[in-house]
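Mapping the sequence shown onto this note's numbering, position 208 (from 1) lands on 595, and the numbers just tick up by one.
Scroll down for the structure; my scribbles are underneath it.
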Amino acid sequence: MNTVAENIKKIKELIAKAAIKSNHNPEDITLMAVSKTVDVEKARLAYEAGIKDFGENRVQELKKKAAVLSEVNWHMIGRLQTNKVKDIVGHDYLIHSLDRWDLAEALEHRAGLMDVEVQALVQINISGEIQKAGIKPKEINDFLLSLEKLKHIKVRGFMTMAPLFDDPEKTRPIFRELKKIYDFYLNNGPSNLNLKYLSMGMSQDYQVAVEEGANIVRIGSAIFA
Ligand SMILES: *Cc1c(COP(=O)(O)O)cnc(C)c1O
């Protein structure tokens with residue numbers, strides 16, 4: 388077994404352990420491989436080890452790798468510039484980083500022209516770090532209500548990035564808060580919500596995220612480094 392496959396095996400075991408411990412079904416949790424630091428041949432090792440979901444944070448890299456590794460689900464997880472929207476809409480990418488209104492409008496405009504839907508997660512800035520993108524918790528409701536007018540955008544869930552702590556336990560309140568918001572909108576959302584995904588947890592903190600209810604974890608260095 389190569390190292391990438393070994394890493395994935397170990398991460399899957401730890402995800403299953405965290406899920407069972409917290410009464411979640413391990414099978415409901417998607418392990419996304421974040422391939423942003425590696426070439427497509429190394430990414431392919433993860434595919435061969437059973438990974439079906441891949442994430443990139445730059446549009447050019449995403450397009451390049453998705454053209455070669457086309458049999459998997461690709462996710463756009465990084466900040467998306469409005470002038471790159473044309474490269475994203477019309478593919479089956481799940482966007483994890485819908486983080487502001489001008490991006491929503493640009494996505495809507497492009498999707499309207501092409502008569503396609505955009506599947507997106509709203510990125511929420513739970514931690515309040517100023518350098519992090521995302522909607523502030525107290526602005527979520529207004530943002531979701533505004534999105535309801537954009538008929539081509541389907542909101543499929545929420546994403547957050549926790550700060551990098553030495554102790555992953557410190558991320559727990561952040562993940563717990565987003566799960567609370569997710570659960571609230573499962574039952575109370577405007578009509579454009581069709582929630583399914585809660586994207587939280589990276590190499591440092593995915594076990595805590597799974598315990599708190601994540602169903603997509605985004606893992607780069609723990610797989611590829
Ligand atoms: C790079 C990145 C990850 C993966 O980070 P690792 O610490 O390498 O697991 C996850 N999410 C986003 C948005 C990223 O940019």
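In this text, a Cβ means the ideal position worked out from N, Cα and C, and glycines have one as well.
Beta-ladder partner(s) of residue i, from DSSP
i	result
glycine 442	Val421 and His462
glycine 588	DSSP, once it has assigned bridges, lists no residue as partnering glycine 588.
glutamine 506	Leu481 and Lys541
isoleucine 522	Ile511
isoleucine 527	DSSP output for isoleucine 527 lists no bridge partner at all.
valine 476	His478
methionine 546	Gln510 and Ser586
Proximity test, residue i beta-carbon vs ligand 1 heavy atom, cut-off 7 Å
i	result
alanine 609	yes
glutamine 575	In the sequence as presented, glutamine is not what sits at residue 575; that position holds asparagine. No, ligand 1 has no heavy atom inside 7 Å of this Cβ.
lysine 519	no
lysine 423	yes
glutamine 591	yes
asparagine 460	no
arginine 605	yes
asparagine 394	no
isoleucine 695	The chain is shown from 388 up to 612; residue 695 falls before or after that span and cannot be answered.
asparagine 602	no
asparagine 444	yes
methionine 548	yes
Alpha carbon of residue i to alpha carbon of residue j, nearest angstrom
i	j	result
valine 459	phenylalanine 441	7 Å
leucine 537	asparagine 579	9 Å
glutamine 591	valine 604	11 Å
serine 533	aspartate 553	37 Å
leucine 494	aspartate 502	12 Å
leucine 467	leucine 573	26 Å
tryptophan 423	glycine 576	Before going further, note that residue 423 is lysine rather than tryptophan in the sequence given. Each residue's Cα considered, the two are about 33 Å apart.
tyrosine 434	glutamate 443	15 Å
glutamate 448	histidine 539	25 Å
aspartate 489	glycine 544	19 Å
isoleucine 402	glutamate 526	32 Å
tyrosine 569	alanine 392	32 Å
arginine 685	lysine 473	No answer is possible for residue 685: it lies beyond the span of the chain, which begins at 388 and ends at 612.
Per-residue DSSP class, three states only, for residue i
i	result
isoleucine 568	helix
serine 608	helix
asparagine 628	Since the first residue shown for the chain is 388 and the last is 612, residue 628 is missing from the structure and cannot be characterised.
isoleucine 513	coil
methionine 501	helix
isoleucine 603	strand
inquiry  = Closer than 8 Å is the cut-off here; do at least three beta carbon pairs connect the segment 510-518 with the segment 536-552?
reply    = With a cut-off of 8 Å, the segment 536-552 and the segment 510-518 count as touching, because enough Cβ pairs lie within range.
query = Do three or more CB pairs link the segment 448-466 to the segment 476-495 at distances below 8 Å?
reply = Between the segment 448-466 and the segment 476-495 there are three or more inter-stretch CB-CB distances shorter than 8 Å, so the stretches are counted as touching.
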